[in-house]
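Here the structure is laid out as structure tokens; the discussion comes afterwards.
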Amino acid sequence: MNLDPKRSTIKAPAERFTGDVYVDSINPRREGSKMIVSCVHFTPCARTDWHFHVLGQTLHITEGVALLGTRDGQVIVARAGDTIYTPPGEQHWHGATPTDLMSHLAMLEGADDGTDGTTWLEKVGDDEYAAAAAAIERTA
Ligand code: MN
15 MNLDPKRSTI KAPAERFTGD VYVDSINPRR EGSKMIVSCV HFTPCARTDW
65 HFHVLGQTLH ITEGVALLGT RDGQVIVARA GDTIYTPPGE QHWHGATPTD
115 LMSHLAMLEG ADDGTDGTTW LEKVGDDEYA AAAAAIERTA
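Residue numbers for the sequence shown follow the numbering used here, beginning at 15 and rising by one.
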């Protein structure tokens, strides 16, 4: 075994995220493995664009409060310690609430073509995000 030193924190690209999001890569895809793990840090109101993962994704909230949405209108509010699973191909987004930082571990398997198997779609607009955030008050 070997120590894998911490990599520098990377700013998530504006073409796939809204707001300030930072990524700590924990397990980049290695030779002979499909496992990919990152710790992703969202500032308040920051979120991913709509996207899906060819082999699904497991998200484990490590800090703060997360907001997640799917195309059927489902909104999930998840807190530190909660785990969310998105099945293969399900379009979704994930992010922080308007009032809280949020960090999650993002765990997924890469595709056979060597990519991370994620397909990125359009942005989550401010109105769409605000509607999802309104769900927090209903569940609080
Ligand atoms: Mn995802």
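Just so it is clear, CB atoms sit at the ideal spot from N, CA and C, and this is done for glycine as well.
Give the DSSP-derived three-state secondary structure of residue i in the structure shown.
i	result
E142	helix
E123	strand
A110	strand
A149	helix
R61	strand
E77	strand
T32	strand
My understanding is that residue i touches residue j, with C-beta atoms under 8 Å, so please give their C-beta distance in whole angstroms.
i	j	result
L122	H67	5 Å
V54	V37	5 Å
W107	R44	Going by Cβ atoms, the distance from W107 to R44 rounds to 28 Å, so no, they are not a contact pair.
G70	Y99	7 Å
Q105	L135	7 Å
H65	T111	About 19 Å; that fails the 8 Å criterion.
Tell me which residue opens and which closes the beta strand (DSSP E) that residue i is part of.
i	result
R44	Run containing R44: none; DSSP gives neither H nor E here.
L17	That residue, L17, is in no beta strand (DSSP E); it is neither H nor E in DSSP.
C9	Past the edges of the chain, shown from 15 to 154, lies residue 9, and the structure says nothing about it.
T23	Premise fails: T23 is in no beta strand (DSSP E) and is neither H nor E.
A92	V89 to R93
T133	T132 to W134
T97	T97 to T100
| query | Whose CB is closer than 6 Å to a heavy atom of the ligand MN? List the residues in chain order. | reply | H65, H67, Q71, T100, H106 and H108
| With contact counted as at least three CB pairs below 8 Å, one residue from each stretch, are the segment 92 to 99 and the segment 135 to 151 in contact? | Contact between the segment 92 to 99 and the segment 135 to 151 is absent, because fewer than three Cβ pairs lie under 8 Å.
| request: Could you tell me whether the segment 105 to 125 touches the segment 45 to 61, where touching means 3 or more Cβ pairs closer than 8 Å? | output: As far as the Cβ criterion goes, the segment 105 to 125 touches the segment 45 to 61, which means the pair count is three or higher.
| said: If contact is defined by three or more beta carbon pairs under 8 Å, each pair taking one atom from either stretch, is the segment 17 to 29 in contact with the segment 72 to 87? | reply: no
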